[in-house]
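There are 2 protein chains.
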Amino acid sequence: MSRPDKTPAERPRGFIDRKGAEIAAEARVVEAAGAVFERWGFERLETPAFEFTEALGKFLPDEDRPNAGVFSLQDDDERWLSLRYDLTAPLARFVAENFQDLPRPFRRWQTGPVWRNEKPGPGRFRQFTQCDADAVGAPGPAADAEMIAMGAEAMAAIGIPAGGFQMRASTRKLLNGVLDAIGLDSARGQLIVLRAIDKLDRLGPKGVTLLLGEGRKDESGDFTKGAGLDAKAIDRVMSFVTVETGTRQETLAALEAVVGDTEQGKAGIAELAAIDDVLTALKVGDDQARFDPSVVRGLEYYTGAVYEAELTLSAGDGEDAGRFGSVGGGGRYDDLLTRFRGEQVPATGFSIGVSRLVTALAAIEQGAEAGPAKPVVVMAMDKVATVNEFELAAELRAAGIPAEVYLGGSGVRAQFKYADKRGAPIAVMCGQDERERGIVTIKDLDLGAEVAKNIEDNEAWRQANPAQFEAPREELVAAVRSVLDREFEK
Amino acid sequence: MSRPDKTPAERPRGFIDRKGAEIAAEARVVEAAGAVFERWGFERLETPAFEFTEALGKFLPDEDRPNAGVFSLQDDDERWLSLRYDLTAPLARFVAENFQDLPRPFRRWQTGPVWRNEKPGPGRFRQFTQCDADAVGAPGPAADAEMIAMGAEAMAAIGIPAGGFQMRASTRKLLNGVLDAIGLDSARGQLIVLRAIDKLDRLGPKGVTLLLGEGRKDESGDFTKGAGLDAKAIDRVMSFVTVETGTRQETLAALEAVVGDTEQGKAGIAELAAIDDVLTALKVGDDQARFDPSVVRGLEYYTGAVYEAELTLSAGDGEDAGRFGSVGGGGRYDDLLTRFRGEQVPATGFSIGVSRLVTALAAIEQGAEAGPAKPVVVMAMDKVATVNEFELAAELRAAGIPAEVYLGGSGVRAQFKYADKRGAPIAVMCGQDERERGIVTIKDLDLGAEVAKNIEDNEAWRQANPAQFEAPREELVAAVRSVLDREFEK
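Residue numbers (the numbering used here), protein chains in the order written: chain U, 1 to 490; chain H, 491 to 980.
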């Protein structure tokens, strides 16, 4: 089949093509979230795909060719450019570049593709979509509370039913209180503890306990070295992350008992109490947002409140029920601009995992209506379409019904195959015979496929032609609409 | 100001940041065009930013580091990847990769950014948006006619008023007839003639005549070598491209006289006549689509019909009136898949120059309504916002009015500056005094700014406070809406 002089038609690994229904599902999520963000006064921004590698901050080139995690290339003037790996780093550059001109707080939302030069895997791509809202120059817990409330409103607007999601929030200060209490002050040790806690959902208390101590061997036999805490310290950390939670007030009381004896712990509880006040003012109930000390977020850069949007809905029933977990999150990161400005600027932000949310929505059949309507196919009865057939299609489109004339140049059999591949609901036929009689023949393709399943005798089926009927030429639109309406009702 | 250890906050040249109104204007164009494409049975597709450099076809690496016109980098497995420079090359790869599974004709539309690694200039960026519709596997002039009709429908849907645009079409066969007649059969010579004709709009008949002959010296003194045709041949080409045009039928008759004596010329006229039949069936009038032999499109790869969407509207009056010219175009290119499949697959397609169209729309003030509504700012009267202030903002949002609480931590004067920078129409104030009296104070910021212009005495203005009024707390939404409605009426 393939000759050596032909170019192979293939995609680079980790990149996908997407079609109508999937693009539409993602667009609906972004549109719904964006409308909420704009109602809260967040202005849309779009930055280019490329930034100076140096401006992205996290992945500085330490070799001749920087490529750890990012796609980079050298510009004509020898400077390194990288494709953005998230929407936060470009925001930092944008705010620093326009610092004097921007209102502060600067509230912006942005959506678009980001690129990661990583090893692709199942459901793990090298290009995917993010949708973020951030407030830069907004100190204080009220700004964090707004993000949590807005996150809840966005989830609802996207179409997650009430009770199907929950915002979970905490603050790094609480954890810092615990770390103070156990005397762990090395940055490296603290990071190991942070990452261990972040795995609670996946490994359970037993796995996290191992990671806080000597370490843990996974199923494949790989050993992860632990934080090396002693039994008493481990106990303290575990009693913190597994504290019994309830309403926000109840959780605050329980946390008071566990971390209320340290300065940082006290500060953390005061912060959450302030967040609770604003959430209550914004009418965000305990069912929509709760406090959970096991929410820590794996990234080092958060400096205060941290929050996640969790889907509590599941797909399917019983033991096989799939839980989706976190579909978005964020927190306070007051060092966003430090490398550009040499000083802290308070900031807090929230990012929606759009692709994950779309997948989840599809699985719980929220996205089932999906995709734009498929076109009616007007058949070219003489292989090459006639003027009359173009008029029929134009009439349908003018009535708002997607329609097209078959233009492939093949016979009627191939045209039915085409209509089938297109997922067309209806074929319209108007050959010379129909034209002379002043009628059109309309075939309900979905009904036809259904009926065909139950008829064994090919000849009998052909004669009965159950899903096909004639209509006066001038009643084309009404006749097509009657079939479409019937489909819709099913 | 800037210390050496700070990262400079800057963008790579040729890339821009865009804000709300501009993003919204582009989204409106794409949405309107996409809705038309889907009504005509075109399915949306999204391909990734990266393709194998080899698959992009036109810019093969002829050196160690390919970078002529495209952004390229080497993947971990040493293969070269490039960012797409248009949406047609990825379509070719997609169709070739899924050839057996796709319905044929395959009708798809796509929009998204493309990247060109070229020298940026005024209005010339290294990342910009395209929006394309193509039919692959559709032979015959009817498919081209559909593209022209659909292009006209898209222009109208985008908001260009009737009479403000025109589709101009021709076919390469006509030109081939002329080239046959003058005996020019070298591919190189033909390309020079093609490019000369393509400059008719810009250089006029005199300039093109020079380029068809010895060559032309431009204002800067640069000399462009011409096609070297003799006077008789030049005359024949020029009488072809400047043929008197009128209705499609009239133009066909005039062309018959100029190129009807060659095989290719005859074939071209028959093709345009077939296109005219379909356009007439689709009710596309002579005012919306005309034939014009000077439309040739500069690219070598077109093999039949070529068409352009021209904005005939202008910005401003008299001699300064800016004409926008072509805002989209396309044609038949039957060799799209040849390099992948070793055989021709007939295809025809249309690309809208989105950025150019958005610029034009803005200039003719069609895009003036633009941008999402600006938020009402609820002031934080005690610097740090109170629970009450969050409730006020939530109430406005629940009524569908964009609103935010000021969260920057600065005093009232800074908050007014903030509201001004945000373009906020209204500030709502509700400090302790207002709370005790059960009222809110509402300030019409646009009216305030207007009145302030006419009052010189600062003190008098402050006492009059003309644009500010009190409303009962429970009438907040109605009071805010009354001001917004007044703004809207202006």
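Glycine is no exception: its CB is placed at the ideal position from the N, C-alpha and C atoms.
These figures come from a predicted structure and were not determined experimentally.
{"query": "Out of H:Gln600, H:Pro865 and H:Leu690, point me to the one whose CA is closest to Ile891 (chain H)'s CA.", "result": "H:Pro865"}
{"query": "What are the residues in the stretch 368-400 of chain U lying within 7 Å of chain H by C-beta distance?", "result": "Pro372, Pro375, Val384, Ala385, Val387, Phe390, Glu391, Ala394 and Arg397"}
{"query": "Please list the segments of the alpha helix (DSSP H) lying wholly inside the stretch 88-119 of chain U, counting only runs of 4 or more residues, in order along the chain.", "result": "88-97"}
{"query": "Just verifying my parser: in three-state terms, what is the DSSP assignment at Pro66 (chain U)?", "result": "Any reading at Pro66 (chain U) needs caution, since the residue's pLDDT is 45, under 50, leaving its predicted position unreliable; the model's value is listed next. Coil, per DSSP."}
{"query": "With a threshold of 6 Å on Cβ separation, who are the neighbours of Ile182 (chain U) within its own chain once the five nearest residues in sequence on each side are excluded?", "result": "Ala233 and Arg236"}
{"query": "Can you list, in chain order, the residues of its chain with a C-beta nearer than 8 Å to that of Ala273 (chain U)? Leave out the 5 residues immediately preceding and following it.", "result": "Leu252"}
{"query": "Taking Cβ-Cβ distances below 7 Å as the criterion, which residues of the stretch 263-289 of chain U are in contact with chain H?", "result": "Asp277, Val278, Ala281, Leu282 and Lys283"}
{"query": "Tell me which residue opens and which closes the alpha helix (DSSP H) that Pro141 (chain U) is part of.", "result": "Pro141 to Ile158"}
{"query": "Please classify Pro962 (chain H) as buried or exposed, where buried requires at least 16 other C-beta atoms within 10 Å of its C-beta.", "result": "exposed"}
{"query": "Please classify Met871 (chain H): does DSSP put it in a helix, a strand, or coil?", "result": "coil"}
{"query": "Just to make sure I have the definition right: I need the residues of chain H whose C-beta is within less than 7 Å of the C-beta of Pro139 (chain U). Which are they?", "result": "Gly899"}
{"query": "What do you reckon, are the CB atoms on Leu702 (chain H) and Val683 (chain H) nearer than 8 Å?", "result": "yes"}
{"query": "CB Arg339 (chain U) to CB Gly57 (chain U), shorter than 8 Å?", "result": "yes"}
{"query": "Using the beta-carbon count (16 or more within 10 Å), is Leu229 (chain U) buried or exposed?", "result": "buried"}
{"query": "Quick one: list the residues of chain H neighbouring Gly304 (chain U), beta-carbon separation under 8 Å, in chain order.", "result": "Those within 8 Å of Gly304 (chain U) in chain H number zero; the least Cβ separation is about 14 Å."}
{"query": "Could you list the residues in the stretch 647-658 of chain H with a C-beta less than 9 Å from some C-beta on chain U, going in chain order?", "result": "none"}
{"query": "Tyr85 (chain U) to Trp115 (chain U), Cα distance in whole Å?", "result": "5 Å"}
{"query": "In the DSSP output, which residue or residues are listed as bridge partners for Met657 (chain H)?", "result": "H:Ala779 and H:Ala799"}
{"query": "What three-state label does DSSP hand Phe59 (chain U) in the structure shown?", "result": "The predicted model places Phe59 (chain U) with a pLDDT of 44, which falls under 50 and marks its position as unreliable, so this point remains unresolved."}
{"query": "Verify whether the separation of the beta carbon atoms of Phe15 (chain U) and Pro538 (chain H) is less than 8 Å.", "result": "yes"}
{"query": "Please name the residue in H:Ala523, H:Asp507 and H:Glu533 whose C-alpha comes closest to that of Ala24 (chain U).", "result": "H:Glu533"}
{"query": "What in chain U is Cβ-close to Tyr908 (chain H), meaning under 9 Å?", "result": "Pro103, Arg104 and Pro105"}
{"query": "Can the beta-carbon of Leu407 (chain U) be found less than 8 Å from the beta-carbon of Ala632 (chain H)?", "result": "yes"}
{"query": "Beta carbons nearer than 9 Å to chain H: which residues of the stretch 81-100 of chain U have them?", "result": "Leu81, Leu83, Pro90, Ala92, Arg93, Phe94, Val95, Ala96, Glu97, Asn98 and Phe99"}
{"query": "Taking only beta-carbon positions, decide if Glu474 (chain U) is within less than 8 Å of chain H.", "result": "no"}
{"query": "Quick one: which chain H residues come within Cβ less than 7 Å of Phe71 (chain U)?", "result": "Leu563"}
{"query": "Please check if any C-beta of chain U sits within less than 8 Å of the C-beta of Ile842 (chain H).", "result": "no"}
{"query": "Among H:Val973, H:Glu960 and H:Ala837, whose alpha-carbon lies nearest the alpha-carbon of Gly630 (chain H)?", "result": "H:Ala837"}
{"query": "In this structure, how does DSSP classify Ser845 (chain H) when only helix, strand and coil are distinguished?", "result": "helix"}
{"query": "Show which residues of chain U have a CB atom less than 8 Å away from the CB atom of Arg534 (chain H).", "result": "Lys19, Gly20, Ile23, Ala24 and Pro372"}
{"query": "Tell me which same chain residues have a C-beta within less than 7 Å of the C-beta of Ser845 (chain H), skipping the five on either side of it?", "result": "Phe618 and Thr619"}
{"query": "If contact means a Cβ-Cβ distance below 7 Å, which residues of the stretch 910-931 of chain H contact chain U?", "result": "Lys911 and Arg912"}
{"query": "Indicate whether Asp634 (chain H) and Gly794 (chain H) have their beta-carbon atoms separated by less than 8 Å.", "result": "yes"}
{"query": "Glu709 (chain H): which of H:Leu693, H:Ser816 and H:Ala914 sits nearest, CA to CA?", "result": "H:Leu693"}
{"query": "Mind listing the chain H neighbours of Gly41 (chain U)? Cutoff is C-beta to C-beta under 7 Å, in chain order.", "result": "Pro865, Pro892, Ala893 and Glu894"}
{"query": "Strictly under 8 Å for the Cβ-Cβ distance: is Pro12 (chain U) near chain H by that measure?", "result": "yes"}
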